Amino acid sequence: MTSPDLAQLGKTTPYVYDDPDPAVLEWFPNPFADRARNPNGVKGSIHIEAPEFTTLCPITGQPDFATIVIDYIPNERCVESKSLKLYLGRFRQAGEFHEACVNRIANDLVNLLDPLCLKVEGRFTPRGGIPFWPTAEYQRP
Numbered sequence: 004m005t006s007p008d009l010a011q012l013g014k015t016t017p018y019v020y021d022d023p024d025p026a027v028l029e030w031f032p033n034p035f036a037d038r039a040r041n042p043n044g045v046k047g048s049i050h051i052e053a054p055e056f057t058t059l060c061p062i063t064g065q066p067d068f069a070t071i072v073i074d075y076i077p078n079e080r081c082v083e084s085k086s087l088k089l090y091l092g093r094f095r096q097a098g099e100f101h102e103a104c105v106n107r108i109a110n111d112l113v114n115l116l117d118p119l120c121l122k123v124e125g126r127f128t129p130r131g132g133i134p135f136w137p138t139a140e141y142q143r144p
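Structure (structure tokens):
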């Protein structure tokens with residue numbers, strides 16, 4: 004497999020804050036799957052924490068803040084970090100409930116990466132004294 008063209012990395016980027024479009028997400032080949040670089044077949048997993056996630060409550064318009072935690076075992080693809088940052092930033096002015104954000108992120112990453120398994124957790128700052136930490140999980144059939 005050849006590396007795809009990475010359109011965002013190393014380029015000036017126009018920032019969009021109200022359209023969580025998965026088309027901005029990019030990937031690169033999984034180095035763990037490359038037998039030349041990984042002759043012993045070591046299994047790898049990827050852990051990502053994005054501590055600056057924001058979105059708006061769809062009812063009140065109040066801001067919600069979270070750390071988005073993504074854990075996955077890649078198959079052939081890994082998510083490119085700048086494209087993930089841009090994608091997550093697009094939720095900033097989008098009005099979605101916590102659970103909907105986490106579910107959307109998980110589904111968009113599954114569609115992009117076709118991972119062996121993936122888990123997305125939203126560690127949202129408490130509102131009204133109650134923290135909500137929704138989780139979406141995928142296990143490849």
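Residue numbering for the sequence shown follows the working numbering, beginning at 4 and increasing consecutively. A virtual CB, placed ideally from N, CA and C, is assigned to each residue, including glycine. Predicted, not measured: the structure shown is a model, and the values here were computed from it.
query, result
"Environment of Val45 [buried if 16+ CB atoms lie within 10 Å]", "exposed"
"Secondary structure, beta strand (DSSP E): runs of 3+ residues fully inside the segment 44 to 129", "49 to 59, 66 to 76, 80 to 82 and 120 to 127"
"Distance between beta carbons of Ile76 and Val123, contact taken as under 8 Å", "Not really, about 14 Å apart at Cβ, beyond 8 Å."
"Option nearest Ala69 by Cα separation, candidates Lys85, Cys81, Gly92 and Thr63", "Gly92"
"Pro144, DSSP secondary structure in three states", "coil"
"Beta-bridge pairing of Phe31 - partner residues as DSSP gives them", "Cys81"
"Ala139 - DSSP class collapsed to helix/strand/coil", "strand"
"Test item: CB-CB of Thr58 and Cys104 under 8 Å", "yes"
"Beta-carbon spacing of Phe100, Pro61 below 8 Å", "yes"
"Buried versus exposed, by CB contacts within 10 Å (16 or more), Leu28", "buried"
"Cα-Cα separation, Leu90 to Cys81", "This sequence places Tyr at residue 90; Leu is not what is there. Spanning the two alpha carbons is a distance of roughly 15 Å."
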